[in-house]
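Participant: If you count the sequence shown from 1, position 27 lands on 27 in UniProt numbering, and the numbers rise without skipping.
Every residue gets a Cβ at the ideal spot worked out from N, C-alpha and C, and that includes glycine.
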Amino acid sequence: MSASSTVSLVQVTGSNLTYAYIVLGISLGALAIAYALRAQILAASDGTPKMREIAEAVQEGAAAFLSRQFRTLSYFVGIVFVLLFALPGATEIRVGRSIFFLLGAVFSALVGYNGMWLAVRANVRVADAARNKDGEKAVQIAFRTGGVVGMTTVGLGLIGASLVVIIYRQDAPAVLEGFGFGAAMLAMFMRVGGGIFTKAADVGADLVGKVEKNIPEDDPRNAATIADNVGDNVGDCAGMAADLFESYAVTLVAALILGKAAFGDAGLIYPLIVPAIGTVTAVIGIFLTKLRSTDKSAMTAINRSFFLSALISAGLTALATFTYLPSDFKLMTGLSPEAVAEAGNTNPRVLAIGAVLIGISLAAAIQVLTGYFTETGKRPVNDVAASSETGAATVLLAGISVGFESAVYSAMLIAAAVFGAFLLGGGSIVLSLLAIALAGTGLLTTVGVIVAMDTFGPISDNAQGIAEMSGDVEGEGAKILTSLDAVGNTTKAITKGIAIATAVLAATALFGAFTDAIKQAVVDAGKNAAELATQYQGILDVANPRNLVGLIIGAAVVFLFSGLAINAVSRAAGAVVVEVRKQFIEHPGIMKGTEKPDYGRVVDICTRDSLRELVTPGLLAVMAPIAVGFGLGVGPLGAYLAGAIGTGTLMAVFLSNSGGAWDNAKKMVEDGHHGGKNSDAHAATIVGDTVGDPFKDTAGPAINPLIKVMNLVGLLITPAIVSLALGGSQTISTAIGIGATLVIIAALIRNRRQATSILN
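(1) Using the C-alpha atoms, what's the distance from residue 417 back to residue 732?
(2) If contacts are defined as beta-carbon pairs under 8 Å, then residue 632 and residue 550 qualify, I think. What distance do you get, rounded to the angstrom?
(3) I'd like to check one pair, residue 555 with residue 629: are the Cβ atoms closer than 8 Å?
(4) Hey, quick one: how far does the alpha helix (DSSP H) through residue 606 stretch, first residue to last?
(5) Specify the secondary structure class of residue 289 as computed by DSSP and reduced to three states.
(6) Are residue 145 and residue 459 touching if we call contact CB-CB under 8 Å?
(7) What are the start and end residues of the alpha helix (DSSP H) that includes residue 170?
(8) Which of the three DSSP states, helix, strand or coil, is assigned to residue 220?
(9) Is the segment 649 to 661 close to the segment 355 to 375, with three or more CB pairs under 8 Å?
(10) Less than 8 Å between the CB atoms is what I'm expecting for residue 488 and residue 370, so what's the real figure, rounded?
(11) Give the range of the alpha helix (DSSP H) segment to which residue 572 is assigned.
(12) Could you have a look at residue 345 and say whether DSSP puts it in helix, strand or coil?
(13) According to DSSP, is residue 134 helix, strand or coil?
(14) So what's residue 325 in DSSP terms, helix, strand or just coil?
(15) For residue 745, name the three-state secondary structure that DSSP assigns.
(16) Please identify the residue among 636, 260, 278, 500 whose C-alpha is closest to the C-alpha of residue 544.
(17) Around the Cβ of residue 292, are there at least 16 other Cβ atoms within 10 angstroms (buried) or fewer (exposed)?
(18) Expressed to the nearest angstrom, what Euclidean distance is found between the alpha-carbon atoms of residue 304 and residue 634?
(19) By Cβ distance, which residues of its chain are closer than 7 Å to residue 572, with the 5 residues on each side in sequence left out?
(20) If I measure Cβ to Cβ from residue 135 and keep anything under 7 Å in the same chain, skipping five residues before and after, which residues do I get?
(21) Quick one: what's got a C-beta closer than 6 Å to residue 477's C-beta in the same chain, skipping five residues either side?
(22) Just checking my contact of residue 639 with residue 547 at CB under 8 Å: how many whole Å lie between their CB atoms?
(23) Under the three-state reduction of DSSP, which class applies to residue 2: helix, strand or coil?
(24) My guess is that residue 249 and residue 155 are in contact by the Cβ rule of under 8 Å, so how many angstroms apart are they, rounded?
(25) Closer than 8 Å by C-beta to residue 110: which residues in its own chain qualify, once you throw out the five before and the five after it? Chain order, please.
(26) Check whether the segment 436 to 453 and the segment 498 to 511 are in contact - that is, three or more C-beta pairs closer than 8 Å.
(27) How many Å lie between residue 428 and residue 331 at the Cα?
(28) Do you know how far the Cα of residue 173 is from the Cα of residue 20?
(29) Under three-state DSSP, which class holds residue 694?
(30) Can you name, in chain order, every residue of its own chain whose Cβ lies under 7 Å from the Cβ of residue 681, other than the five neighbours on each side?
(31) According to the Cβ coordinates, are residue 483 and residue 298 closer than 8 Å?
(32) In angstroms with no decimal places, state the Cα-to-Cα distance between residue 666 and residue 397.
(33) Checking 8 Å against the spacing of the C-beta atoms, do residue 317 and residue 445 come in under that value?
(34) Which residue from 329, 552, 252 puts its Cα closest to that of residue 176?
(35) Rounded to a whole number of angstroms, what is the C-alpha to C-alpha distance between residue 515 and residue 87?
(36) Looking only at C-alpha atoms, which of 44, 31, 63 sits nearest to residue 600?
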């Protein structure tokens, strides 16, 4: 059931088009709710004059960084916007793909900026609520701020996808490739750049402040504290919000591409209906999140709203599925007789609802599993904290083992979900791949609550920082903020686990679209698809050494990307350490409290270094699949993508969960366990936390958009690769592959030279 067998028959008209307009209306409603929540949050008290002064410094630094980052990224976006015109296809498709690529990038930037803008204003309001000993209000402000970002994410994602369907109808999938690519590419750059900034400041502040000067984490005498709080927002708020937006967009792209091939007319509408239902349940989940007197912590309230939202999503999706989809493929419009015959006795309703339920169940399972490995009070974090009594080395070993073990269980969960969805296809590859994509949309029915959970973390962290720097929050209020900060570490780890699951589901579905693109390119070249099946469809034959090489390269790129990101944090953090030490030496009044540190200098260092360092990982992500595809062929490119998906899944979970465990182990010691603050055990957990910072907040979460960027690049370039191969232009193809390889080599050499100059 290839896309080629149905493309001419799929016509989005009549009632189907009405549904697309309804989805567009729901998406606009989501934005309206976000605006109303925003007004409610801004109406809360913004604290004492000292708290406002600190908050304004954080706001200024975050806005300045994002402005400079967007200016830098605009060059990349402009170049890709032009290059997309060069890809094969009808003129209107190429124009639409480029325009919606730009729209996807702009929407991703808007989601990220909106998340940052509101978070840097909500943090001081959370701190003030804690100052007044109102834990319920503090939780509500923090979570509803995330809710604004969540509603913006689902609103803009659905607007983009529904507009493409309404305007381009049967050609929507080809245009949607551009929309998803724009969202994914910008999110990857924002995740890497913001991640380098936040962890350079965090690591630098901890190493000088806590370890060398033995002062509290957010002591105002530390010149890196403002940069640290800025980093929480540009990395965890702006970067992660953009990341989850692109997860949403790319999953929709995969579902709509395969939906068109498998479900005909309904395939371009049903994947929009599922996340539209998620918009409704997100609103319910956000308003359900309230701290009760019987709750042990805010995590209890958050878990309650998440699982209730998931159950409501499941029920409403089942109702919509049995209302909208027919019970037999023979009753579907826009499908060829061959496609109907291939579907056999499969019930489209059972396939659709089964896949969505698998996705919802996967989100819930990851929530529980990640919480177990990263939450304070659970055995893994308890063990890491206990290991601090024997030194930093055992803390590192314990955290690494938690990361490795949790990666295996998470990977098995995701693999089970993929295989379960695959079995729903009843032997049809296209139906099975559609089921995997629909599982992704099911997982993202809770994305509004997921984004709220993620944003909750940095807001709570910032609130505690503002409270400590101002000295205006003490006693019970300080305890409230400490508890919220620990919960925030767990919620961030959970959302990262869910994000990587969406990456695997979307990438697996896009992988199916990749193989279909190969067959379509063969047909477009006027060749017999069946005659060339061995060459262009057996793309994962590991007995072929070229494919095995592609597989190894795909796995290696994930390692190289992670290494570049972590090394970038190391170098930038080193520059921060030097600057903070210098200020303490040259201005002894800082420690006495008679002089004020130069916070802006550290913000400038983090901004400069993070924007410089994000170029090489970004070029690697875009150029590596081009080098493999044009240099070795579509078979090795398919193997390359498979290697990246498999390795990326394990690496991302390992980095995120080990970092989360180290962070909360430190929180446990600071709460009085194993000797408490300023003990040898505390110093050991600080080392673990500083190692874990770039793991969990830079490299780990950046792998999620990396996987999707590479898959979308592979999908976009496949027609050109096949066209050159069948046209006898292998020399041109090889030259392109060599050129892309040289770009990567040049970027790596430049990166290494910069590192050497910094060290000297």
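Facilitator: So, from the data block:
(1) One-based indexing of the sequence shown puts residue 732 at position 732. One-based indexing of the sequence shown puts residue 417 at position 417. Between residue 732 and residue 417, the C-alpha separation is close to 41 Å.
(2) One-based indexing of the sequence shown puts residue 632 at position 632. One-based indexing of the sequence shown puts residue 550 at position 550. Confirmed, about 6 Å.
(3) On the sequence shown, residue 629 is found 629 positions in, with the first residue counted as 1. On the sequence shown, residue 555 is found 555 positions in, with the first residue counted as 1. The answer is no: Cβ separation not under 8 Å.
(4) Counting from one through the sequence shown, the residue named residue 606 turns up at place 606. 599 to 613 is the span of the alpha helix (DSSP H), which, as asked, contains residue 606.
(5) What you label residue 289 is simply residue 289 of the sequence shown in a count that begins at 1. DSSP places residue 289 in coil when its eight states are reduced to three.
(6) One-based indexing of the sequence shown puts residue 145 at position 145. One-based indexing of the sequence shown puts residue 459 at position 459. In contact: residue 145 and residue 459 (Cβ atoms closer than 8 Å).
(7) Taking the first residue of the sequence shown as position 1, residue 170 is located at position 170. Neither: residue 170 is in no alpha helix (DSSP H) and is coded neither H nor E.
(8) Walking along the sequence shown from the start, residue 220 turns up at place 220. The answer is coil: DSSP assigns residue 220 none of H, G, I, E or B.
(9) yes
(10) As a working note, residue 488 is residue 488 in the sequence shown. As a working note, residue 370 is residue 370 in the sequence shown. Not confirmed; about 14 Å, so no contact.
(11) Reading the sequence shown from its first residue, position 572 is the one you call residue 572. DSSP places residue 572 in the uninterrupted alpha helix (DSSP H) bounded by 545 to 586.
(12) Here residue 345 is taken as the residue at index 345 of the sequence shown, counted from 1. Note: residue 345 maps to coil in three-state DSSP.
(13) Taking the sequence shown and counting its residues from 1, one reaches residue 134 at position 134. Looking at residue 134 - three-state DSSP - the assignment turns out to be coil, as it is neither helix nor strand.
(14) Taking the first residue of the sequence shown as position 1, residue 325 is located at position 325. In the structure shown, residue 325 sits in coil (DSSP, three-state: anything other than H, G, I, E or B).
(15) Along the sequence shown, read from residue 1 onward, the residue named residue 745 stands at position 745. It is helical.
(16) In the sequence shown, the residue the question calls residue 544 occupies position 544. Closest option to residue 544, Cα to Cα, is 636.
(17) Counted from its first residue, the sequence shown places residue 292 at position 292. Flag for residue 292 reads exposed.
(18) As a working mapping, residue 304 is identified with position 304 in the sequence shown. As a working mapping, residue 634 is identified with position 634 in the sequence shown. Their backbone Cα atoms lie some 46 Å apart in a straight line.
(19) Here residue 572 refers to the residue found at position 572 of the sequence shown. Around residue 572: 196, 200, 606, 609, 610, 613.
(20) As a working note, residue 135 is residue 135 in the sequence shown. Within the same chain, residue 135 has close Cβ partners 291, 480.
(21) Along the sequence shown, one-based indexing puts residue 477 at 477. Once the five neighbours on either side are set aside, the close Cβ partners of residue 477 are 130, 131, 133.
(22) Counting from 1 along the sequence shown, the entry for residue 639 is found at position 639. Counting from 1 along the sequence shown, the entry for residue 547 is found at position 547. Yes, they are in contact, since the Cβ atoms of residue 639 and residue 547 sit about 4 Å apart, within 8 Å.
(23) Against the sequence shown, residue 2 aligns to sequence position 2. Caution applies to residue 2, whose pLDDT of 38 falls short of 50 and renders its modelled position unreliable; the value that the coordinates give is listed next. Residue 2 falls in the coil class under three-state DSSP.
(24) As a first step, residue 249 must be located in the sequence shown, where it is residue number 249. As a first step, residue 155 must be located in the sequence shown, where it is residue number 155. About 12 Å separates the Cβ atoms of residue 249 and residue 155, ruling out a contact at the 8 Å cut-off.
(25) On the sequence shown, position 110 is the one that residue 110 refers to. Excluding sequence neighbours, residue 110 sits near 152, 156.
(26) Verdict: yes, contact present.
(27) Position 428 of the sequence shown holds residue 428. Position 331 of the sequence shown holds residue 331. Residue 428 and residue 331: Cα-Cα distance of roughly 18 Å.
(28) Reading the sequence shown from its first residue, position 20 is the one you call residue 20. Reading the sequence shown from its first residue, position 173 is the one you call residue 173. In a straight line, the C-alpha of residue 20 is about 15 Å away from that of residue 173.
(29) Taking the sequence shown and counting its residues from 1, one reaches residue 694 at position 694. Residue 694 falls in the helix class under three-state DSSP.
(30) Locating residue 681 in the sequence shown gives position 681, counting from the first residue. Hits under 7 Å: 388, 389, 669, 674, 675.
(31) Sequence index remark: in the sequence shown, residue 483 carries index 483 (1-based). Sequence index remark: in the sequence shown, residue 298 carries index 298 (1-based). Result yes, Cβ atoms of residue 483 and residue 298 sit closer than 8 Å.
(32) Your numbering for residue 666 matches position 666 in the sequence shown. Your numbering for residue 397 matches position 397 in the sequence shown. Taking the straight line joining both Cα atoms gives about 15 Å.
(33) Here the question's residue 317 lines up with position 317 in the sequence shown. Here the question's residue 445 lines up with position 445 in the sequence shown. Yes.
(34) Counted from its first residue, the sequence shown places residue 176 at position 176. For residue 176, the nearest C-alpha among the options comes from 252.
(35) Reading the sequence shown from its first residue, position 515 is the one you call residue 515. Reading the sequence shown from its first residue, position 87 is the one you call residue 87. When rounded, the distance between both Cα atoms is 17 Å.
(36) Counted from its first residue, the sequence shown places residue 600 at position 600. The residue with the shortest Cα to Cα distance from residue 600 is 63.
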